[in-house]
Each structure stands twice: as structure tokens, then as C-alpha cells.
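Beneath this line is the structure, given in C-alpha cells, with notes to follow.
Below, the structure written as C-alpha cells:
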């Protein structure tokens, strides 16, 4: 028998403030058509005063726990993917642990920018496969609105805030591709490309800084790297693209999503797309899309899913799982 990390609950949280593309027309040389044509984004959610990465993560975690019919102390660990933690330290994950009233176990953050949730899933899978945890809350939560340069139309219109969570549980499997749960992962990074996507602040500067991106260069890397990592993960899982029910990609740009699907020879009908409503929510985008996709009735039990993402670092990876 093989121990698998199986999804037993999912949930998400979006701030109530919805920002349509047209809102940017008053302060930037842009309009709705310009934003849609280049990104596919129509609107996004921004955190209100008092809403933080940890509070949104807690709301998503509560939804996942409720979905699973479990309590916080039924969980052994929290792995939270974020690049916008409330503080330099402590970790946002330990703050979620406190806000949930979880009195045991352990919690930590994973920082791989937009690829963060894929890295967090891989870490949670390893904890479960090695017997260090039976149940793990895996959360992606971001408040990218806090690090936007509102004079830069090439970046500030692309990002949004939100959180999503999956609850993984150790269950026995047969060790083949028919098992439910995480079947394979693939992680990669290349620090030579740091300047393509970064925040120009931190401990070294004494400032929070703003997000900076060379969009054309990121796009050039994204499609090829995402298709390659998804293919590697599928090979490790013993499946092919024809077996896949859904691609649930990082929701950054509709053209990247379409280009990756084409390279994988999968129709867009098999892709869960939420970028039009959420914008790029970085590490939150995949769990948000999984939760919304299930709520829509797209994702069903035993569906084979491929998730893939690329972010600053550059860091990228993919996970193959059966729902």
C-alpha cells in the first residue's frame, strides 16, 4: 500500500471590495479594453482596511475545515504559501494557527511567489508520505494590493487579493494512477532570472518596496516552462494529457493559460479559468480556482487534475492529483 495525500476539504475567501477595470481609467492611461486584451482580466478583489493575508487565510481555512467536517485540532500542520505575510516574522501560518484556535501541531510559510501553492502542496505531500502528519491544511493567501505601484499601469491592473485552502489527509492507495490524492510533483527554480519579477524592497533596503516585472520576458519563459513541468509531473504519475480531466493553472494571464494548454494539446474546455474575476492572486490563485471550479460543478470526485505555476525567482512547478 502507498500513503497518499488526499483532498478531503476545500474553501476560499475573497474580499468584498470588487474593482472593475474601469476604476483605473481615472488615474491611469488605460481602459477596460486595453486590460482585457492583454490579460483577460475584467475585475479583481482588493482587501479592505483590517483585512490581511492571515485573516483571509484563516477564513479560507475555516471553509475547508467545514467542508471536511473537521475541527482545527484535527489538523497536524499548516503550510501557508504567501509572499505578502503580515509581518517579516512571525509566519502568517502561525497567526492562522492562533486565529483558528489550533492548540497543537505546527505551522510554517512557504515563499515561492506565484508558484508558492505548488511548492506548498509538494511540502505537505512529503509530510504526509513520510508519516510526519496525518492531516495538513495547505493555504495560499495574498494581499498584493499592498505592494503595487499605482502609477505603473503594466503591473497594478494585473493583481488581486484572496485566499484558498485545501485540507489533505493521509489515506491508503494502491500505488498507481487510479489512487485519489497527490500522484506526482515537479519543482524547479533558476535564480539567474531574479530581475524579471521581484519587489524592490525588503530588509536590505528598509522599505516594503513595489512589485517590478518585465512582462514580455516573464511571458517568454512561462509557456515553455509550464508545459515542461506539467509534462514531467504527468510522466512521474504515469498518466498522459489524454487522461487529464482538468488543468487548473496559475491564473496570471489568459494568453499564458491558452498557450500552455495548446502546448499540452488540451482544449480550453478542460481548463478551469478564473483570471477574469480574480486577476493574478499569486500563491492564492490555484486554490481559489480549485475551490471555485468545484463550486461551479466542473471538478468532481476522481477527476484527474494538473496544476502548474510560475513566479518570481524564477520558480515553477506542477502537481498531478486525483480529486
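Residue numbers (our numbering): 8 to 330. Cβ coordinates follow ideal geometry from the N, Cα and C atoms, glycine included.
Are there three or more Cβ pairs, one per stretch, closer than 8 Å when the stretch 249–267 is compared with the stretch 19–26? no
For residue 250, which residues from the same chain have a beta carbon less than 6 Å from its beta carbon, with the 5 sequence-adjacent residues on both sides left out? Looking up residue 250 in the chain shown gives position 243. Around residue 250: 311.
In the DSSP output, which residue or residues are listed as bridge partners for residue 148? Mapped onto the chain shown, residue 148 falls at position 141. Per DSSP, 170.
Quick one: Cα of residue 135 to Cα of residue 169, how far? Numbered from its first residue, the chain shown carries residue 135 at position 128. Numbered from its first residue, the chain shown carries residue 169 at position 162. About 26 Å.
DSSP has residue 192 in a bridge; who is on the other side? Position 185 of the chain shown, counting from 1, holds the residue named residue 192. Note: residue 192 sits in a beta bridge opposite 326.
Neighbourhood of residue 98 by C-beta distance below 8 Å, restricted to the same chain and skipping five residues each side: Within the chain shown, numbered from 1, the residue matching residue 98 stands at position 91. Correct list, in chain order: 87, 92, 114, 115 and 116.
Would you kindly check if the distance between the Cβ of residue 185 and the Cβ of residue 67 is under 8 Å? In the chain shown, counting from the first residue as 1, residue 67 sits at position 60. In the chain shown, counting from the first residue as 1, residue 185 sits at position 178. It is not a contact, given that the beta carbons lie outside the stated cut-off.
CB-CB under 7 Å to residue 155, same chain, minus the five flanking residues each way: which ones, in chain order? As a working note, residue 155 is residue 148 in the chain shown. Closer than 7 Å at the Cβ level, and outside the excluded window around residue 155, lie 162, 163, 166, 217 and 218.
Mind checking whether residue 267 and residue 234 have CB atoms under 8 Å apart? Here residue 267 is taken as the residue at index 260 of the chain shown, counted from 1. Here residue 234 is taken as the residue at index 227 of the chain shown, counted from 1. Contact flag set, yes.
Under 8 Å Cβ to Cβ from residue 277, same chain only, skipping five residues before and after it: list those, please. In the chain shown, the residue the question calls residue 277 occupies position 270. Only 251, 252, 253, 254 and 268 meet the Cβ criterion.
Can at least three beta-carbon pairs, one atom from the stretch 102–110 and one from the stretch 126–140, be found at a separation below 8 Å? Taking 8 Å as the limit for Cβ pairs, the verdict is that the stretch 126–140 does not touch the stretch 102–110.
Own chain residues within Cβ distance below 8 Å of residue 244, not counting five before or after: Stepping through the chain shown from its first residue, residue 244 is reached at position 237. The residues are 184, 190, 191 and 327.
Since I believe residue 282 is in contact with residue 48 (beta carbons under 8 Å), could you give me their beta-carbon distance rounded to a whole number of angstroms? To locate residue 48, count along the chain shown from 1; it is residue 41. To locate residue 282, count along the chain shown from 1; it is residue 275. Right, their Cβ atoms sit about 6 Å apart.
DSSP state of residue 257, grouped into three classes? Numbered from its first residue, the chain shown carries residue 257 at position 250. Reduced to three states, the DSSP call for residue 257 is coil.
Beta-carbon proximity of residue 187 to residue 11, cut-off 8 Å: Within the chain shown, residue 187 is the residue found at index 180, counting from 1. Within the chain shown, residue 11 is the residue found at index 4, counting from 1. Yes, Cβ-Cβ distance for residue 187 and residue 11 is below 8 Å.
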